[in-house]
Amino acid sequence: MNVLFLVTDAYGGHGGIALFNRELCGALDHRITVIPRVIRGAVRDVPPNVTFIAEAAKGPISYMRAVAAARRAKPDLVICGHINLLPVAFGNPLLVVHGIEAWKRRRAPLEKCRGIVSVSALTRDRLAGWSGYAGPTYVLPNAVHFEDYGIREKRLDLVERYKLDGKRVLLTVGRLDSAERSKGFDEVMEVLRELPEDVVYLIAGGGNDGTRLQARARELGVGARVVFTGLFPDEEKRDLYNLADAYVMPSRGEGFGFVFLEAMACGVPVIGSKLDGGREALLDGKLGLLVDPTNPAEIRAAIVETLARGERRVPEGLDYFSFGKFVERSRAILSSAGMDRTRS
Amino acid sequence: MCGITAIFAYRGDAVRPEELEAITARMIPRGPDAGGTWISPDGRVGLGSRRLAIIDLSAEGTQPMWDTRRELVIVFNGEIYNYAELRASLERGGVRFHSHTDTEVLLELYRRDGERMLGLLRGMYAFAIWDTRARRMFVARDPYGIKPLYFADDGRTIRMASEVKALLAGGGVSGALDPAGAAGFFLTGSVPEPFTIRREVRAMEAGTAFFVDAERGRGNVQRHFSIARVFRDATGDALVDPAVFVRERVDESVRHHLVSDVPVGVFLSAGIDSSALTQIASTHASKHAPLHTFTLSFPEFSEAPLAERFARETGTVQTTRNVTREEFLADLPRIFERMDQPTIDGVNTWFISKAVHEQGVKVALSGVGGDELFGGYPSFMNIPKMVRFARLPFASRAASLLSRHPKARLTGRYGRSYAGAYFLQRGLFLPDELPEILGEDVSREGLERLSPLAHITTALAPDPGTRFGRVAALEAALYMRNQLLRDADWASMAHSVEVRTPLVDAWLLRQLAPLLPNVRGKEVLGAALPDYLRTRPKTGFFVPMKEWLDLPPDGTTTRMRSWARRVWETFA
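First to last, the sequence lines map onto chains A and B.
Residue numbers for the first sequence follow my numbering, beginning at 1 and rising by one.
Residue numbers for the second sequence follow my numbering, beginning at 1001 and rising by one.
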C-alpha cells in the first residue's frame, strides 16, 4: 500500500506534532510519501520506507505542486496530519487530530474523511461535540522510547546553574505562550506560596510569556523560588527531568501531554490535569495524580502528597505507551481505515 | 444525609443529656435509619445524629463516628461525592479505615489537612468534629449552603443542629422572634442568612467554618468559598467550544452526583434543566440501573404528558404523581410542622419527595441551580437594564409616570445599584408595607437589624466584575440559598429523601465561570433535547396554591403575598 502523508512538519521539525508524525512514519511498514509544510532544523534519520519531499516546504506554491504530483501518483491512502491541511487533502483522507486545534468549532470539510485518528479520547469527543462527526474514529496515544530516558543522577552543573542544591524541585516543561496560558504555570506559582521554603519551581521552556510570569512570581512573593531555564537544548532534556522531584502540569490545553510520558520514563512522579488530555497520559490516575486546575487546594494537596512519598520509579503501567504498542495500534488503524475504500 | 446535633459547653455547665436527646429526636424524619448520641466523659461535649443511610449501609456508618485512633469524633450531614478519591489519597499515605463511609474520610482528612480539607471536598455538607487532643470543635458548612446548620451561642455554650425547630425542641434556646428574620421573610419570601426567625438562633453562613474552644469560645469565621470571588478570579480564554465544554463538565458533575449505594431518581418537570439531567444521568444508568424519574401532576395543571413521553424515550422508570387539593389540605398541617422557617415555597418539593419516598427511592437529583448558573432568570436582563436606566437623569420621575406599579416609584431610590435593583426585582413586600403586617416596632427594629441593602451587598463582595457575574452571585447567594436550597432541604428530608443538585457545585462553577458570561448556557444544556421540550416557554416548578387555598387577591398573579401571610400565622 502506498501512503501519502500530508504534514505541517515532521523531519527537521520541533514540537509534539512533528514528533508524532515521525513516530507514525517509523511505526508503519508501508511506502510513505511525506509532504511537509515547514522544515525548521536539520533533516535527519528519515527511514528507508519514507520519501520526504523537502522541496514542498519552500512555500505554498511548492507545497501545492508537491501535492498535485502526489495526486497523480494515485496513493492508496491519504493521511492528513493536521486539520488545517484538510482542504488540500484529496480523496477520502484519514485525518489526524492532536488537541486544541480540534476543540473549537471551525470550518473543516470533515465529511470527506474516511476516519479520524485522535491522540486522545478527549480530543475525539470534543471534536465530535461541535462537528457531529459520526464516521469511524481511532485513538492513537503518543509513545515513549524508554531507552532515551531513565533514572539518572542529578547533573551537578545543572544543579549549580539553576541553584537547586538542597531544594525539592517541581518541574513543568512547555512553551511559555502569552496567548494560551494553558500550561498551568500561574496555578503552580500560586500554591508555591503555601509550600515549604525548600520547594522551588523550575519552568523549562522558551516563549513570549516569561516576563509576565516572572513579574507574577514576584507579586506572589515567590520570585526567588521560581527558576526559568529559557529555551534549552534537546540533549539536556533527559537531565532536566532528572532534576525534578515532581512533574506538575495543571494544564487546560493539552491534547495528550507527551511530556508526562517523558517525565515518567525518567522515574519522576507526575501530577496532571483532569480537564485536558493529561488525564489519559496518566491512564485516568493510575500512573500519577490528577487535579482540577481551577482548584488550588487540590493542586497543593497533590504536590504535598507526591513530595512526601519522595519516590522515584518508572511506573509499571507506562508500558501501555511503549513504542511497540504504538506500532501495533497504528498498523491496526491503517489496516482498518485502509480497507474501507467505499466511503465517499 | 442526616440530621445532626452538637453541643459544646465551652464555659457553661455540662451538657444536659435530655436536651441532646430532644434536639436529635426532633430530626428523626431526616434520618430514620439509625440514631445515636454521645457525651464526653467530662460532660462538656454532646453530639447527636439521625442517619439516612446512602453510602455504606452497614452499622459501621453509624454516627457519632470515631476515627480508628479514637481521637476525633464527628457528626456529619451530607454527601462527599469525591470521597473515594480522597480515601485513596489517604490510604497511599498509610491511613487505614474501619468503614466504607465518606464520614470516616472526613475524619482522616481533618487529621491530615486541618481546615484546609474544605477545599478538597466536592459535595454538600455540614459537620462538627470534636478533636479530643486539642479539645476544640471544628464546624464547617458547604460552599453553597445546600446542607443547613444553625447555632445558638450564649457565650458559655454553643448548640448546633440541622433545624431551627430542633434547637428549640431541646428547651435550652428561647423561641423569641427575631424582627430581622421576620422583616426578611416579608421582603424576600424567605428568611435571609445569617438571620433566622428566632433571635437566639443564627444560621451558619454557607462556605464558612469556625473553631470553638474553651479559651476563645467561637473563633473567627473563616470563609472558604465565595461565589463572587469565583467570578472575579475567573480567567482564561475558552480553549474548547463553549457548548461542548459546558456539556462535558455538567456530565462530569452528574456522574459525581450519582455516587450511591442505593437507587437514584430524578425530579423531572419537563423543563430544560431537569430534562437535561435526566438525559445525562440515563447515559450513566447502566451502573445505577434503573434510573427513576418523578413528575407531579395536578388537575389544574400538568406537565406530565411531556415528561412521560420524554421518560419513555429515555428509558427511565417514570412515576407520575397526581396531587389534589384535598391531599394538599390534608397535608398542610404537617407541611407547617416540618417547615423549619417561614417560606413561600417548598410545597412542590414536599409532594415530589413524597412521591419519591412512596416508590422506595431515597436519593433524587434536582435541576435546581440551572437558572442561577446559566442565566435563566429574567433578572439577568432586567437588573443590568434597570441599573442603566436608573442612573439616567430624571429616571425616578420618568419611572413613576410610566408605570403605576408600586415598585416603579422606587426605581430612582433603589435601582442605581445592582443590590438595590435586585431588592426591587425579587421583593415580595416593600419596606413601607411592613408596619401594617408586623407592627411599627417590630418592623422598625427588623429593618434596622437586617439592613436589607447592606445585606444584599455582601453577596457582591468582591465585585464579580461582569454584569452576568453580579446577577449570578446575587441569585445564587440570596434567592437560591435562602429559598430554593433551604426549601429543598426541609421538604425532602420530611420524607427521608436526599436531594442532590449537580448544577449547584463549587467545582462546576469554577470550571465554567470564565465562559458563563458569554455563553447561552440554557441552549447549550438543552441542545440534545427533543424539540417538544427545548422550545417550550419556561415554566416554574409550580403548585396551584392560589386555587387550592382560595387566597385573596394581593396584587400578584400567584397570590404569594397572601400565602406569605398565611404561612406567617403559623410562626408568629
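Here a beta-carbon is modelled for each residue, glycine too, at the ideal position from N, C-alpha and C.
| Item | Value |
| --- | --- |
| For Arg341(A), the three-state DSSP class (helix, strand or coil) | Annotation note: pLDDT 48 at Arg341(A) (below 50); position unreliable, coordinate value reported separately. In this structure, Arg341(A) counts as coil in the three-state DSSP scheme. |
| Secondary structure, alpha helix (DSSP H): runs of 4+ residues fully inside the stretch 174–198 of chain A | 185–192 |
| Limits of the unbroken alpha helix (DSSP H) element including Tyr63(A) | 60–72 |
| Check whether Leu1149(B) and Arg1156(B) have beta carbons under 8 angstroms apart | no |
| Tyr1144(B) to Thr1188(B) span [Cα, whole Å] | 19 angstroms |
| Counted within 10 angstroms of its Cβ, other Cβ atoms place Leu176(A) as buried (16 or more) or exposed | buried |
| Phe1389(B) versus Thr1411(B) - alpha carbon distance | 9 angstroms |
| Minimum C-alpha distance to Asp245(A) - residue among Ser118(A), Asn208(A), Glu305(A), Glu254(A) | Glu305(A) |
| Endpoints, beta strand (DSSP E) assigned at Phe1000(B) | Not covered by the structure: residue 1000(B). The range shown for chain B is 1001 to 1572. |
| Status (buried if at least 16 other CB within 10 Å, exposed otherwise) for Asn84(A) | exposed |
| Asp1213(B) - partner residues in DSSP beta bridges | Arg1136(B), Gly1217(B) |
| For Asn1077(B) and Phe1127(B), believed in contact at Cβ under 8 angstroms, the rounded distance | 7 angstroms |
| Segments assigned beta strand (DSSP E), at least 3 residues, entirely inside the stretch 1354–1421 of chain B | 1363–1365 |
| Where the alpha helix (DSSP H) containing Tyr241(A) begins and where it ends | 237–241 |
| CB of Thr1319(B) within 8 angstroms of CB of Ser1297(B), strictly | no |
| CA nearest to the CA of Leu1373(B), picked from Met1480(B), Ala1270(B), Met1204(B), Leu1434(B) | Met1480(B) |
| 8 angstroms contact criterion, which Tyr162(A) and Thr211(A) should meet: CB distance rounded | Not a contact, Cβ separation roughly 19 angstroms. |
| 8 angstroms Cβ cutoff met for Val119(A) and Tyr138(A) | no |
| Residues of the stretch 1029–1052 of chain B with Cβ closer than 8 angstroms to any Cβ of chain A, in chain order | none |
| Terminal residues of the alpha helix (DSSP H) in which Leu1575(B) lies | Residue 1575(B) lies beyond the residue range present for chain B, which begins at 1001 and ends at 1572; the question has no answer from this structure. |
| Short Cβ contact (8 angstroms threshold) for Tyr201(A) with Leu213(A) | no |
| Cα-Cα separation between Arg341(A) and Cys80(A), rounded to whole angstroms | Reliability fails at Arg341(A), whose pLDDT of 48 lies under 50, so the model's placement of it is uncertain and no value is given. |
| Backbone secondary structure at Phe1301(B) - three-state DSSP | strand |
| Sequence-distant residues of the same chain with beta carbon closer than 6 angstroms to Lys1165(B), five excluded per side | Asp1340 |
| When Pro296(A), Glu254(A), Phe146(A), Arg300(A) are compared against Arg279(A), the one with the closest alpha-carbon | Glu254(A) |
| Exposure label - Arg152(A); buried when at least 16 CB within 10 Å | exposed |
| Interface residues of chain B facing Gly129(A) [CB-CB closer than 8 angstroms] | Asp1241, Ala1243, Val1244, Arg1247, Glu1248 |
| Minimum Cβ-Cβ distance from Arg1566(B) to chain A less than 8 angstroms | no |
| For Trp130(A), the three-state DSSP class (helix, strand or coil) | helix |
| Meets three-Cβ-pair contact criterion under 8 angstroms: the stretch 1495–1510 of chain B and the stretch 1171–1180 of chain B | no |
| Status (buried if at least 16 other CB within 10 Å, exposed otherwise) for Val1221(B) | exposed |
| Proximal chain B residues relative to Ser182(A), where beta-carbon distance stays under 8 angstroms | Gly1236, Leu1239 |
| Burial state of Glu311(A) (16 or more Cβ within 10 Å) | exposed |
| Nearest-angstrom Cα separation, counted from Phe1231(B) out to Leu953(B) | It is not possible to answer for residue 953(B), since the shown part of chain B is limited to 1001 through 1572. |
| Contact the stretch 1027–1039 of chain B vs the stretch 1176–1186 of chain B: 3+ CB pairs below 8 angstroms | no |
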